[in-house]
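Peer 1: Let me give you the structure first, and then I'll get to my questions.
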Ligand code: 4NP
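Residue numbers (the working numbering): 266 to 414.
What follows is the structure in structure tokens.
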């Protein structure tokens, strides 16, 4: 069982988008039992809230199933619950390293692709299409890496 936690600032735009895209990729290969996939926030602002409508719109557009999401804060005690913590940008990575006191298990999603760009926050850019493409490519490469491990 590989346990993945996607992490962003609010846990309403990028990390839940990554969670449901990754669940879809895993399901399409019949590997649901091999993966635990969840997502968390590094800040308190949106705790308990559902995904941003822009994120749901992208998931609908690409026929990716999801259920009611409740934004949840990442805790230090989560460290032992997952094998991979996958941040969206450098700030998420820094926040996790500070919280956990180690960089072990901490990655940025696009580290798994040919570039190590950050995933722009659509909360500010309002461009959910670009975010979707970047996250989809990152998840595909992450899945390929984990499958071949
Ligand atoms: P996310 O986007 O980190 O991709 O979920 C944000 C959502 C909410 C806020 C910031 C970023 N906020 O400041 O409330």
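For each residue, glycine too, the CB sits at the ideal point set by N, CA and C.
Small disclaimer: the values here were computed from a predicted structure and weren't measured.
Please state whether DSSP places residue 301 in a helix, a strand or coil.
Peer 2: Of the three classes helix, strand and coil, the one that applies to residue 301 here is strand, per DSSP.
Peer 1: Which stretch, first to last residue, makes up the alpha helix (DSSP H) that contains residue 372?
Peer 2: First-last for residue 372: 371-373, but that is the beta strand (DSSP E), not the alpha helix (DSSP H).
Peer 1: Pairing CB atoms from the region 354-362 with CB atoms from the region 266-281, are three or more of them under 8 Å?
Peer 2: Yes, they touch.
Peer 1: For the region 315-371, which segments carrying the beta strand (DSSP E) assignment without a break, of at least 3 residues, lie completely within its bounds, in sequence order?
Peer 2: Counting whole runs of 3 or more residues, the region 315-371 contains the beta strand (DSSP E) stretches 349-352.
Peer 1: So, at 8 Å on beta carbons, what are the nonlocal neighbours of residue 372 in its own chain, with the 5 sequence-adjacent residues on each side left out?
Peer 2: 349, 350, 351, 352 and 358.
Peer 1: DSSP three-state label for residue 269, please.
Peer 2: In this structure, residue 269 counts as strand in the three-state DSSP scheme.
Peer 1: Let me have the residue list for the ligand 4NP: C-beta closer than 6 Å to any non-hydrogen atom, ordered along the chain.
Peer 2: Having a Cβ closer than 6 Å to some heavy atom of the ligand 4NP are 273, 274, 275, 276, 277, 278, 279, 310, 311, 386 and 388.
Peer 1: Measure the alpha-carbon distance for residue 345 versus residue 370 and round it to whole angstroms.
Peer 2: Spanning the two alpha carbons is a distance of roughly 10 Å.
Peer 1: How many Å lie between residue 267 and residue 414 at the Cα?
Peer 2: So the two alpha carbons sit approximately 11 Å from each other.
Peer 1: Throw me the rounded Cβ distance for the residue 393 and residue 320 pair, which I believe falls under 8 Å.
Peer 2: Sure, about 7 Å apart at Cβ, within 8 Å.
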